[in-house]
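See below for the structure under consideration.
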Amino acid sequence: MSKPRVLISDALSPAAVEIFRQRGIEVDFQPDLGKDKDKLAAIISDYDGLAIRSATKVTPKILENAERLKVVGRAGIGVDNVDLPAATARGVIVMNTPFGNSITTAEHAIAMMFALARQIPQADASTQAGKWEKNRFMGTEITAKTLGLIGCGNIGAIVANRANGLHMHVVAYDPFLSADRARELNVEKVELDELLKRADFITLHTPLTDKTRNILSGDAIAKTKPGVRIINCARGGLVDEVALRAALDSGHVAGAAFDVFVEEPAKENPLFGHPNVVCTPHLGAATAEAQENVALQVAEQMSNYLISGAIENAINFPSITADEAPRLRPFVALAEKLGSFLGQLTEDEIRGIRIEYEGDVAAMNTKALTSAAVTGALRPFLPEINMVSAPLVARERGIMVEELKRDNEQSDYDSFIRITIDAKDMPRHAGGTVFHDGKPRVVEIRGIDVDAEFAPHMLYVRNADQPGFIGSFGSLLGDSGVNIATFSLGRDAPGGDAICFVAIDQPAGKDVLDKIEALPQVKRARAVNF
2 MSKPRVLISD
12 ALSPAAVEIF
22 RQRGIEVDFQ
32 PDLGKDKDKL
42 AAIISDYDGL
52 AIRSATKVTP
62 KILENAERLK
72 VVGRAGIGVD
82 NVDLPAATAR
92 GVIVMNTPFG
102 NSITTAEHAI
112 AMMFALARQI
122 PQADASTQAG
132 KWEKNRFMGT
142 EITAKTLGLI
152 GCGNIGAIVA
162 NRANGLHMHV
172 VAYDPFLSAD
182 RARELNVEKV
192 ELDELLKRAD
202 FITLHTPLTD
212 KTRNILSGDA
222 IAKTKPGVRI
232 INCARGGLVD
242 EVALRAALDS
252 GHVAGAAFDV
262 FVEEPAKENP
272 LFGHPNVVCT
282 PHLGAATAEA
292 QENVALQVAE
302 QMSNYLISGA
312 IENAINFPSI
322 TADEAPRLRP
332 FVALAEKLGS
342 FLGQLTEDEI
352 RGIRIEYEGD
362 VAAMNTKALT
372 SAAVTGALRP
382 FLPEINMVSA
392 PLVARERGIM
402 VEELKRDNEQ
412 SDYDSFIRIT
422 IDAKDMPRHA
432 GGTVFHDGKP
442 RVVEIRGIDV
452 DAEFAPHMLY
462 VRNADQPGFI
472 GSFGSLLGDS
482 GVNIATFSLG
492 RDAPGGDAIC
502 FVAIDQPAGK
512 DVLDKIEALP
522 QVKRARAVNF
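If you count the sequence shown from 1, you need to add 1 to reach the numbering used here.
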């Protein structure tokens, strides 16, 4: 089996290259390649992984050519340069490194706040020009001032910690901040309008989304406390730059410090040239420590995924730890095959998919298993679907996906998964488990007990439990040149409904299925393939 291959197309620490090599991964280090999208598109098909920073743009064109690509690793937090929908559709995991540069970015925000409060860049330029304008640069103290955090995640929490050390009062607007977490951080959780009204300094620490774009709009800026100072070291586009310039010109906003801009590289910007504005060229993560940290982290994460299947800090898929991956693998196979079996039996519109987890499996990372089940169920209709894209595809098509978890008091198995497909014509359900040999098995179909291993080619037959069926069925397959590998039977009661689930050595054609359905005991016969 060939080693996984990774391409590094941006400038990353040499330590990252060494980590890939130590983990048994072939690595191609071309730090300037990301700037040449045509050349990248021409060679990307040779790689299983792509490690990038901000220069490489992972576009749909790049992904169309990436036949082997399994993972894109972004050394840093922002993935604006990766087309996430296109990557998800192709089953490519997209990872970032959200914690490697958190301290550095938080420190930069604090530094920008100090620079703004004491007009340090302007005073430096004046002094080095030979002036001594001591009375011109009147600053403001930070102690006892109110700092407003818009976003109190990982970076915002570090800023809050530093601000508490500076004896500031910290208020935070973050819909995801719990009351317990706010108390732990010594932060007062408030609504946005309250923050705007009270804050002497406002610093933004939230991703750029449709909901956060221009969160500091012209209307929002008008609600701020007169003399407020605004710091943005998060993402360009969180603040309406034109409206902010107008507020600076009017004196309502006393100053602004920006490290990020709507257009980057920022050659021109509405904020440039204002005497009370401090600007830096996206330096939030620009320390030697941070660059080393994110490079090492992305190399470790990508290596773990390519070698063991562990998924960390993925943007478009649930995380799976290195310890979980080997335990999950057979259950992923079980969930996907059960879903595939039911999907192949379904001919009408699917309205919902319910996955029930009983016993030990209920305590596992079931998000990955659910993705596998949905993938299997929808693949007969959508051949290009994959585990990464499945949840999104189901949501877009209005298919309700439901998880239920129970202990195993009612089950005969340590772990049991039952999948039900709610189709327009009728529901279909089957259940299975993983035995100690690690092989997934079907142990229940339509509420009837069976015991069958999955095989590449199988026949599923519903029949009446009547004498002579097995002999007629076996003879028919023999006469048709179809060899039986394994044979599993089940019934709900003597003389009642029965199921026959048969592994065969070659696919069964329509002519064979027609002959099976012509048997007097047979209600339905279907070929299923895995």
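Glycine included, C-beta positions come from ideal geometry on N, C-alpha and C.
- Taking every protein chain shown into account, the CB of Ala369 has 16 or more other CB atoms within 10 angstroms, so this residue is buried.
- The alpha-carbon of Val443 is positioned some 18 Å away from that of Thr376.
- DSSP places Asp250 inside the alpha helix (DSSP H), whose first and last residues are Glu242 to Ser251.
- Leu85 and Arg91 have their C-alpha atoms spaced approximately 10 Å apart.
- Runs of the alpha helix (DSSP H) lying entirely within the stretch 363 to 394 and spanning at least 4 residues, in chain order: 367 to 379.
- Val7 and Lys135 have their C-alpha atoms roughly 56 Å apart.
- When secondary structure is reduced to three states using DSSP, Tyr306 falls in the helix class.
- Residue pairing of Cys153 in beta bridges, as defined by DSSP: absent, with no partner found.
- Excluding the 5 residues flanking it on each side, Gln120 has same chain C-beta neighbours closer than 7 Å at Phe138 and Gly140, in chain order.
- Ile9 places its beta carbon less than 8 Å from that of Ala52.
- In this structure, the CA atom of Ala287 is about 13 Å from the CA atom of Ala235.
- For Arg246, the closest C-alpha among the options Gly219, Tyr174 and Asn366 is that of Gly219.
- Residue burial annotation: His109 is buried, with at least 16 other C-beta atoms found within 10 angstroms of its C-beta.
- Contact annotation: Asn233 and Leu205 have beta-carbon atoms nearer than 8 Å.
- The three-state secondary structure of Asn317, taken from DSSP, is coil.
- Assignment of Val278 by DSSP, reduced to helix, strand and coil, places it in the strand class.
- Ile45 is a Cβ neighbour of Ile63, given a cutoff of 8 Å.
- Between Ala200 and Thr144, the C-beta spacing is not below 8 Å.
- Arg119 has no beta-bridge partner at all, per DSSP.
- Look at Phe474 here: in three-state DSSP terms it is helix.
- Of all C-beta pairs linking the stretch 336 to 345 to the stretch 378 to 390, three or more are shorter than 8 Å, placing the two stretches in contact.
- In this model, Lys406 and Ile356 are separated by some 9 Å (Cα to Cα).
- Beta-bridge partners of Glu195 (DSSP): none assigned.
- With 16 or more other CB atoms across the displayed protein chains lying within 10 angstroms of its CB, Gly77 is buried.
- Beta-bridge analysis with DSSP links Cys501 to Val462 and Leu490.
- Taken through DSSP and simplified to helix, strand or coil, Asn102 comes out as coil.
- When only Cα atoms are considered, Ile420 and Pro441 end up about 14 Å apart.
- In the structure shown, Lys212 falls within a coil segment according to DSSP collapsed to helix, strand and coil.
- In the DSSP secondary-structure assignment, Met401 is bridged to Gly353.
- Here Arg407 carries a strand assignment [DSSP, helix/strand/coil].
- DSSP places Leu346 inside the alpha helix (DSSP H), whose first and last residues are Glu325 to Leu346.
- Take Arg214, set aside five residues on each side of it, and the residues of its chain with a beta-carbon closer than 6 Å to its own are Gly238, in chain order.
- One Cα belongs to Pro327, the other to Glu301, and the distance between them is close to 18 Å.
- Asp181 sits in a helix when the DSSP states are folded into three classes.
- Going by beta carbons, Asn66 and Asn294 fall outside the 8 Å limit.
- Counting of Cβ neighbours within 10 angstroms places Pro227 among the exposed residues, the total staying below 16.
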